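Notes for the one structure printed next.
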Amino acid sequence: MTDRLPDETTLLQVAPDVVLRFDRERKISLGRAGAGSIPGGARSLAIIDAFSRPRPVGEVVAALGPATPGAQAWIDLTAEIMTLYRLGILTIAGESAAPGASAFAAPSGDDLEHHADMLNDAARTGAFLAA
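If you count the sequence shown from 1, position 56 lands on 54 in my numbering, and the numbers rise without skipping.
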């Protein structure tokens, strides 16, 4: 395990113990076996698919970039990759887990899902940020 953060040349891959859950309401959650989970969406699935084999971060960002036009979308994409790395869902190729990943403890319950839904509501989030 290394203390460095991934850059565009770092080879990342999905950790072997990643669990994806789909509920009846078509909501997705991602986590690691025996640990908490976080809500996900279409972009999360695209990231998981892209890193199903070791690939450089820059290559994946370039590949997923056309599906996420605009500066904010690029920021969201790269932030989600880093979040998945910090939680140990993505790991540096050849390593067992990201630094601190064993401390994975995501909140659970309706509160988290509600907040995630609000953040994905561009109109309300934009109005809140503008206020």
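Even for Gly, the Cβ is constructed at its ideal location relative to N, Cα and C.
Keep in mind that this is a model prediction, so the values were computed, not measured.
Host alpha helix (DSSP H) of residue i (start-end)
| i | result |
| --- | --- |
| Ile73 | Ala69 to Arg84 |
Chain-order list of residues whose beta-carbon lies under 7 Å from that of residue i (same chain, five-residue window excluded)
| i | result |
| --- | --- |
| Phe20 | Ile26 |
| Leu3 | none |
| Pro54 | Glu6, Thr7, Thr8 and Leu9 |
Nearest candidate by alpha-carbon position, reference residue i, set the options
| i | options | result |
| --- | --- | --- |
| Ile46 | Arg22, Gly86 and Gly34 | Gly86 |
| Gly34 | Thr76, Ala61 and Asp15 | Asp15 |
| Met80 | Val58, Ala31, Arg22 and Val17 | Val58 |
Inter-residue spacing [alpha-carbon to alpha-carbon] between residue i and residue j
| i | j | result |
| --- | --- | --- |
| Ala44 | Gly32 | 23 Å |
| Leu10 | Leu88 | 6 Å |
| Ser50 | Gly63 | 18 Å |
| Thr76 | Ala13 | 18 Å |
Residue span of the beta strand (DSSP E) that contains residue i, given as start and end
| i | result |
| --- | --- |
| Ile90 | Leu88 to Ile90 |
8 Å Cβ shell around residue i - same chain, five flanking residues per side excluded
| i | result |
| --- | --- |
| Ser106 | Note on Ser106: pLDDT 44, under 50, position unreliable in the model; the coordinate value appears next. Contacts found: Gly34 and Ser35. |
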